[in-house]
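Going by the numbering used here, the sequence shown opens with residue 5, and the numbers climb by one from there. Heads up, the thing below is written out as structure tokens.
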Amino acid sequence: MTKLKMGLPSIENPGQAIQERFRNLSCEAPTRRLGQDHMRHRRATAVLEPKCSQWTKKTRVALTWLEYYSKAVSRVRKIRSANTSSQNPVKIAILDSGLELTDEQRDDYDLSGTHATRYKDWVHSGRSVPTDADGHGTHLTVLLRQIAPDAVIHVAKVYEKDPGAEDGSQDRIAQAITYAVDEWDVDIIVMAFGFSERHTAIDKAIRYASYKGRLMFAAASNDGRNRSDDIAWPARDANVICIHSGDGNGTRSPFTPTSQDNMRIMVLGESVQSACPTHVDSSGLRYMSGTSCAAPIAAGIAALILDYARGFLDDEQWQTLRRTDAMRNMFKRMRDENHADYWWIKPWKIFREDRTKEWIEGEIRAAL
């Protein structure tokens, strides 16, 4: 098979790395569906299955978005305070179907050694070997590493394939949220799933995490304007940052729901390449679209901001930035103002080469 590196494009020449990666792509887009759970709205993702020409166009603009983003990462690494990440890295927990990679994949995707993920299985008590029967969690974890290259990633396996259909999944999700706060001491929690109704145990855990000052990101849903409640829960919870999906050009995805007050943030969520277990696809790769792809991308952007801000904010200010309202304000400052209903987020807007450190720090302080 053709092996495609999934780490960030080369910091030295991100544009060249993106073009080389694109030239290696073929029109053999994966076509395996993730069952019918995305039709029942239990999880907010769907495997990309368009025609070849459409797939190529969407993939191209997604790669272009990643190229722009890699330049923002490059700028952050260049100007942030020395040793900020290595001394106290941002920690992210992703609650999903698990993680399953070969040793070679872990090395390729920078998920080994000092960047190895932490893992806990709530589905199979006592099992320490990471598994992912579905591939959804693996895809999102590798994607998260791509967007947050200096973060510590914690993977919580809370369901096998469908959190809405599996008995006990809600309790497992609630336990994982609390564990992520108390034991892993994470800064950010990613929930790439959604339910029609609020669940008491999860709601209690979310309120606890919010009280502890942790950021939570959730997928808006993939039902477009068809849902009676528009946006799934917990994305519509006031303590959670709701994430919509767009293509790499900033065009609203047809499956993302109508925006609402404080639920307007939109990032890349279409034609996103990432890894999957080789038992799911022998290539070890998958292209997916969905608001669940957008959620970890938004979380990774927040991690980039927090990582940079730790170098100049005092502890109290940094803790304030790590709260929902302040981070939502930060995203608003990164939006493309030409979008009326959604905030299309462009992190490179504040990390451009012509922006001074003083200007960047002023923008972040203004969000507090």
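All C-beta atoms, glycine included, are put in the ideal place defined by N, C-alpha and C.
Host beta strand (DSSP E) of residue i (start-end)
| i | result |
| --- | --- |
| residue 95 | 95 to 100 |
| residue 276 | 276 to 279 |
| residue 183 | Where residue 183 is concerned, there is no enclosing beta strand (DSSP E), although the alpha helix (DSSP H) it sits in stretches over 173 to 186. |
| residue 291 | 289 to 293 |
| residue 212 | From DSSP, residue 212 is part of no beta strand (DSSP E) but of the alpha helix (DSSP H) over 204 to 215. |
| residue 122 | 122 to 125 |
| residue 219 | 219 to 223 |
| residue 160 | 156 to 161 |
| residue 250 | 245 to 250 |
| residue 325 | That residue, residue 325, is in no beta strand (DSSP E); its alpha helix (DSSP H) goes 319 to 325. |
| residue 269 | 269 to 272 |
| residue 354 | Here residue 354 belongs to no beta strand (DSSP E), and DSSP marks it neither H nor E. |
| residue 284 | Taken as a continuous stretch (DSSP letters only), residue 284 belongs to no beta strand (DSSP E), as it is neither H nor E. |
| residue 193 | 192 to 195 |
Status (buried if at least 16 other CB within 10 Å, exposed otherwise) for residue i
| i | result |
| --- | --- |
| residue 215 | exposed |
| residue 357 | exposed |
| residue 142 | buried |
| residue 208 | exposed |
| residue 158 | buried |
| residue 92 | exposed |
| residue 296 | buried |
| residue 69 | buried |
| residue 326 | buried |
| residue 37 | Below a pLDDT of 50, predicted positions are generally treated as unreliable, and residue 37, at 29, falls in that range; no measurement from the model is reported. |
| residue 104 | buried |
| residue 264 | exposed |
| residue 71 | buried |
| residue 173 | buried |
| residue 352 | buried |
| residue 344 | exposed |
| residue 273 | buried |
| residue 266 | exposed |
| residue 254 | buried |
| residue 171 | exposed |
| residue 366 | exposed |
| residue 244 | buried |
| residue 44 | Low per-residue confidence applies at residue 44: pLDDT is 36, beneath 50, and the placement is therefore not dependable, though the value from the model is reported in the following sentence. It counts as exposed. |
| residue 124 | buried |
| residue 202 | exposed |
| residue 136 | buried |
Inter-residue CB distance, residue i and residue j (contact presumed, cutoff 8 Å)
| i | j | result |
| --- | --- | --- |
| residue 96 | residue 191 | 7 Å |
| residue 278 | residue 290 | 6 Å |
| residue 193 | residue 205 | About 15 Å separates the two Cβ atoms, so there is no contact after all. |
Beta carbon of residue i nearer than 8 Å to that of residue j
| i | j | result |
| --- | --- | --- |
| residue 66 | residue 304 | no |
| residue 250 | residue 271 | yes |
| residue 338 | residue 354 | yes |
| residue 222 | residue 248 | no |
| residue 241 | residue 210 | yes |
| residue 145 | residue 121 | yes |
| residue 319 | residue 154 | no |
| residue 79 | residue 114 | no |
| residue 217 | residue 321 | no |
| residue 226 | residue 294 | yes |
| residue 219 | residue 76 | no |
| residue 350 | residue 83 | no |
Where the alpha helix (DSSP H) containing residue i begins and where it ends
| i | result |
| --- | --- |
| residue 335 | 328 to 337 |
| residue 140 | 140 to 151 |
| residue 368 | 361 to 370 |
| residue 166 | Per DSSP, residue 166 belongs to no alpha helix (DSSP H) and is neither H nor E. |
| residue 131 | Per DSSP, residue 131 belongs to no alpha helix (DSSP H) and is neither H nor E. |
Neighbour flag for residue i against chain D, beta carbons, 8 Å
| i | result |
| --- | --- |
| residue 364 | As a matter of chain content, chain D is missing from the structure shown, which is built from one protein chain. |
Open item on the list: Does the segment 189 to 200 come into contact with the segment 234 to 252, if we say contact requires no fewer than three beta-carbon pairs (one atom in each stretch) closer than 8 Å?
Closed with: yes
Under 8 Å, with one C-beta from each stretch per pair, do the segment 330 to 338 and the segment 361 to 371 reach the 3-pair mark?
yes
Checklist entry - When the Cβ atoms of the segment 99 to 119 are set against those of the segment 131 to 146, are three or more pairs found closer than 8 Å? => result yes
Counting beta carbon pairs with one atom in the segment 158 to 168 and one in the segment 176 to 190, are three or more of them shorter than 8 Å? yes
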